[in-house]
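Count along the sequence shown from 1, then add 254; that gives the number in the working numbering.
The beta carbon of each residue, even a glycine, is placed where N, CA and C say it ideally should be.
Predicted model only: the values in this text are computed from it and were never measured.
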Amino acid sequence: MKEKINIGIIFGGKSTEHEISVRSARSIISSINTNKYKINLIGIDKTGRWYLNNLTQFLSARNLLQATPYESITEEIIITKKDDFTGAISMDSHQYIQSLDVVFPILHGSFGEDGTIQGVLKALDLPFVGVDLLASAVGMDKDFTKRLLRDAQIPIARYHCLYKHNPHRFNYQQLIDELGSPIFIKPANAGSSVGVHKVSNESEYHVAIQDAFQYDIKLLIEEAIIGREVECAILGNEFPKASVLGEIIPKTNFYSYESKYLNSNDAQLNIPANVDDAVADEIRNTALKAFQCIGAEGLSRVDFFLRNDNSYVLNEINTMPGFTNISMYPKLWEASGISYTELIDQLIQLAFDRHSRNKNIVTSI
Ligand SMILES: Nc1ncnc2c1ncn2[C@@H]1O[C@H](COP(=O)(O)OP(=O)(O)O)[C@@H](O)[C@H]1O
Ligand SMILES: [Mg+2]
């Protein structure tokens, strides 16, 4: 019998999206093809320490939203490389305890989706699922993403950046003269709507800025776009494919953290989105172009606002989108003919493909 592939599923992490990552990991564990893959569960706690988890105990743990419930922890580890071994080493015994062939870092937000973990895995020469270092970092930063999108002539919302060292750079009245009212304030690097505010007057503006600066030293002040929120899933390396479109129908003021994760009844997903075929095709092509213009490979979910007149703007590119079996990204592929289990398998194959392609690159002479 062929030996199973040792996959490290790294999840949790030092991010505001820790709990969402745990949910995504739970879904992956329940659906991955276990005839082909041996699962090694690597939970990162909120302080950034790495632990190997026992799979059975993890699945029955009481605290369902922690990457490292105490009853399932087996060892504190680091991932490193020595001779032919790449994998987990026990922090206590300093023994090699688990080798890894590939890693699925199902981490969202800071330290997970922003190129940091990708850099670690790259330095260890481990194949990993998802977008590489550079595009992860770019995709995480809404300002840098927009600069590249603008270069590719992809429509984006007008915005300014505000830095923590110069918080009074703008006069509120001048901002709304230029951008209209309401405006959106958001951290450049965050996700899941954490720190995102819709602001309609000056006092709300000051409160929003103060809150958003907790999450980043750079904020975006953005014109509000009135339109439907439609999203497209991209899958592939050099020749990526675009899924059908899906629509989010938030029932609250906007698609907030609460409506995304706490009150699942607050937002509805419509798949496929009810959009004219020609417009849908144009948006799908734009999503592909955006994916390639930031240099992404593997997967991304590209989010748009679609106005009533069928014009649209690209809002953001999520390089590690929510990945539970009921999240938009897997649902879009399901509607496009790829099951959740098959999707996980394809993503892992893409990780191996990229890794073997890049092996041929000369890095020293
Ligand atoms: N410029 C905007 N116009 C209208 N709605 C916006 C705008 N920016 C953000 N939103 C609303 O806030 C939500 C979260 O903002 P987003 O930029 O997608 O950040 P995140 O990375 O946290 O998802 C969006 O899904 C949308 O509902
Ligand atoms: Mg978003």
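Within 8 Å, strictly: CB atoms of residue i and residue j
| i | j | result |
| --- | --- | --- |
| I628 | I437 | Residue 628 falls outside the range modelled here, since the chain spans only 255 to 619, and no answer is possible. |
| F291 | G297 | A quick correction: the sequence has Tyr, not Phe, at residue 291. No, Cβ-Cβ distance for Y291 and G297 is not below 8 Å. |
| M582 | H362 | no |
| I605 | V356 | Inspection of the sequence shows that residue 605 is occupied by Ala rather than by Ile. Yes. |
| V556 | A541 | yes |
| S554 | I580 | no |
| R608 | N491 | yes |
| S275 | G266 | yes |
| K543 | A406 | yes |
| P421 | I463 | yes |
| L378 | I333 | yes |
| A466 | G449 | yes |
| L354 | N443 | no |
| E222 | R303 | Outside the displayed range of the chain (255 to 619) lies residue 222, so it cannot be described from this structure. |
| P409 | V567 | yes |
Collapsed DSSP secondary structure at residue i in the structure displayed
| i | result |
| --- | --- |
| N612 | helix |
| T322 | coil |
| G393 | helix |
| A279 | helix |
| G373 | helix |
| P441 | strand |
| Q560 | First, the amino acid is wrong: residue 560 is Leu here, not Gln. Reduced to three states, the DSSP call for L560 is strand. |
| H362 | coil |
| A624 | Outside the shown range of the chain (255 to 619) lies residue 624, about which nothing can therefore be said. |
| V461 | helix |
| A334 | As written in the sequence, residue 334 is Thr, which differs from the Ala given in the question. In this structure, T334 counts as strand in the three-state DSSP scheme. |
| S284 | helix |
| E329 | strand |
| R401 | helix |
| P584 | helix |
| Y305 | strand |
| A532 | helix |
| K495 | strand |
| H451 | strand |
| L473 | strand |
| T540 | helix |
| F545 | helix |
| E273 | helix |
Outcome for residue i when other beta-carbon atoms lying within 10 angstroms are tallied against a minimum of 16
| i | result |
| --- | --- |
| S364 | buried |
| I417 | For clarity, residue 417 is Tyr in the given sequence; the question names Ile instead. Exposed. |
| E271 | buried |
| N294 | buried |
| Y413 | buried |
| P441 | buried |
| I282 | buried |
| R538 | buried |
| V461 | exposed |
| P323 | buried |
| D535 | exposed |
| R611 | exposed |
| Q522 | exposed |
| D470 | buried |
| T506 | exposed |
| E432 | exposed |
| K336 | exposed |
| F312 | buried |
Residue i CB to nearest heavy atom of ligand 1 below 7 Å
| i | result |
| --- | --- |
| P359 | no |
| N569 | yes |
| S446 | yes |
| E456 | no |
| P575 | no |
| A411 | yes |
| I263 | no |
| E432 | no |
| E273 | no |
| Y459 | no |
| E476 | yes |
| E483 | yes |
| K268 | no |
| P584 | no |
| F508 | yes |
| F467 | no |
| V392 | no |
| F365 | no |
| K440 | yes |
| V529 | no |
| I479 | yes |
| V450 | yes |
Cβ-heavy atom distance, residue i to ligand 2, below 7 Å
| i | result |
| --- | --- |
| D557 | yes |
Under 8 Å, with one C-beta from each stretch per pair, do the segment 338-350 and the segment 366-373 reach the 3-pair mark? no
Okay, do the segment 539-557 and the segment 397-405 touch, 3+ Cβ pairs below 8 Å being the bar? yes
Between the segment 416-432 and the segment 482-490, can you find at least three pairs of beta-carbon atoms closer than 8 Å? no
Cβ contact check for the segment 380-397 and the segment 591-605: 3 or more pairs under 8 Å: yes
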